[in-house]
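A.B. asks:
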Amino acid sequence: MPYAKYDGNDPIYKDKEQLLKKTGISITDPILPPQNLVKLTGTLSEFKGLFCYAPLGDGAYLSDEQKQKHNNQLRKGALLATLNGNSIAALAGLGHANGNDRSNLFSAQYITAKLNDTITLKGWIGFYKFNDGDQVEVVAEKHDDHYEVYAMLKPCEQIISLIPLCFAGRNQALKYYHLPMFIFYVICVLLMNYFFLDFSLENLTIGFGTLGVIFGLAIFNVYKNSIATHITLAERIFTVLGWQDVKNINLVKISKQYIAKLISQGKYSIDWNNNIDRFIRPFKAGDGWGFYYYDLDILYKKGKLPL
17 MPYAKYDGND PIYKDKEQLL KKTGISITDP ILPPQNLVKL TGTLSEFKGL FCYAPLGDGA
77 YLSDEQKQKH NNQLRKGALL ATLNGNSIAA LAGLGHANGN DRSNLFSAQY ITAKLNDTIT
137 LKGWIGFYKF NDGDQVEVVA EKHDDHYEVY AMLKPCEQII SLIPLCFAGR NQALKYYHLP
197 MFIFYVICVL LMNYFFLDFS LENLTIGFGT LGVIFGLAIF NVYKNSIATH ITLAERIFTV
257 LGWQDVKNIN LVKISKQYIA KLISQGKYSI DWNNNIDRFI RPFKAGDGWG FYYYDLDILY
317 KKGKLPL
């Protein structure tokens, strides 16, 4: 059977075309962004999953018109690069414009299932292994022949598996993105002064000021694109679930804190079998494979989250 066995030996297909070629299974890309999310509850059956890369980055949220406009801009850039004699840049631009750009692809689990034996579920979530008979909550959008799933929860274990990149509201997600960029910025300035200048106050000021402009533009670009795409979707999912202060939710932090509480209660083993455990329980560090513990004592409180 081509479906996942969750034993550490399941392949992660590079795209739906490779999956079709190797298994004969045809799947659909994520439907992004959803228009009308609803919450469903019930008993899960006929659950199947497989692992594949899918278009889940910022570009996947563009409309067909926006994608065409973006591709036209890339082709114009490739033409200018060709005229200027830069064949490498031209080929790269044409590759992106012709659909060979993999920067929007992220690994995820494509699932199909039934809810209450009548509702067909399909969609992309984290790598968590649900089982037939599980009582679940589902955040999904209704389509003609199925509900497209964006998050699935197992309340008895307080585990949520979401479409990748949707782990936090805007305030927490942007902190998560900014810190690595800030560290990179500081290291670049120090290396530039070490190799080309010296560590005088004047040179450091020039270095931090010049690269600060580039850093600021990069931050603005991340802010603009991510807020409009997966961060907004994460906040919408949290809102449908009835959680409070969605802009300040960070499931990585909440999961890490919840695991610490479970360890103190003797309910979480620190021994880790990577072949199996990464599909059935969230990683101790909080992040991992697109599924997390959630803590209702925190998420149902009004006011700023204690993170």
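All residue numbers for the sequence shown refer to my numbering, where the first residue is 17 and numbers rise by one.
Using N, Cα and C, we set each Cβ at its ideal position, and we do this for glycine too.
In this text, all values refer to a predicted model and were calculated from it rather than measured experimentally.
According to DSSP, P71 sits in a beta bridge with which residue or residues?
C.D. replies: Its beta-bridge partners are L121.
A.B. asks: Over what stretch of residues does the alpha helix (DSSP H) that includes E164 continue unbroken?
C.D. replies: Taken as a continuous stretch (DSSP letters only), E164 belongs to no alpha helix (DSSP H), being part of the beta strand (DSSP E) at Y163 to K170.
A.B. asks: Who are I135's beta bridge partners in DSSP?
C.D. replies: I135 pairs with L131.
A.B. asks: Given a threshold of 16 other Cβ atoms within 10 Å of its Cβ, counted over all protein chains shown, does E251 qualify as buried or as exposed?
C.D. replies: Looking at its Cβ environment, which holds 16 or more other Cβ atoms inside 10 Å, E251 is buried.
A.B. asks: DSSP on Q174, reduced to helix/strand/coil?
C.D. replies: Here Q174 sits in coil by DSSP.
A.B. asks: Compute the Euclidean distance between the alpha carbons of L312 and E173, then round it to the nearest angstrom.
C.D. replies: Answer to the nearest angstrom: the Cα atoms are 11 Å apart.
A.B. asks: Would H159 be called buried (16 or more neighbouring beta carbons within 10 Å of its own) or exposed?
C.D. replies: By the 10 Å Cβ count, H159 comes out exposed.
A.B. asks: For L35 and K263, I'd like the C-alpha separation in whole angstroms.
C.D. replies: About 36 Å.
A.B. asks: Below 8 Å on the Cβ atoms is my guess for D148 versus S61; work out the distance and round it to an integer in Å.
C.D. replies: The pair is a contact, with the Cβ atoms about 5 Å apart (cut-off 8 Å).
A.B. asks: Can the beta-carbon of I270 be found less than 9 Å from the beta-carbon of C182?
C.D. replies: Not a contact, by the Cβ cut-off of 9 Å.
A.B. asks: Grab the span of the alpha helix (DSSP H) containing F254 for me, first residue to last.
C.D. replies: That run of the alpha helix (DSSP H) goes T248 to V256.
A.B. asks: Of the choices I265, L72, Q151 and I296, whose alpha-carbon is the least far from that of G185?
C.D. replies: The option with the nearest alpha carbon to G185 is I265.
A.B. asks: Which stretch, first to last residue, makes up the beta strand (DSSP E) that contains K272?
C.D. replies: Careful: K272 lies outside any beta strand (DSSP E), inside the alpha helix (DSSP H) at L267 to S280.
A.B. asks: Taking the straight line between their C-alpha atoms, what separation do you get for F295 and T221?
C.D. replies: Using only the alpha carbons, I get a separation of about 48 Å.
A.B. asks: Expressed to the nearest angstrom, what Euclidean distance is found between the alpha-carbon atoms of K138 and G58?
C.D. replies: Rounded to the nearest angstrom, the two C-alpha atoms are 15 Å apart.
A.B. asks: Between the C-alpha atoms of G11 and D133, what's the straight-line distance to the nearest angstrom?
C.D. replies: Coverage of the chain is limited to positions 17 through 323, which leaves residue 11 absent and any answer about it impossible.
A.B. asks: Return the Cβ separation of Y166 and P50 in integer angstroms, given the expectation that the two are a contact with Cβ distance under 8 Å.
C.D. replies: Indeed, because the Cβ distance is near 6 Å, the residues count as touching under 8 Å.
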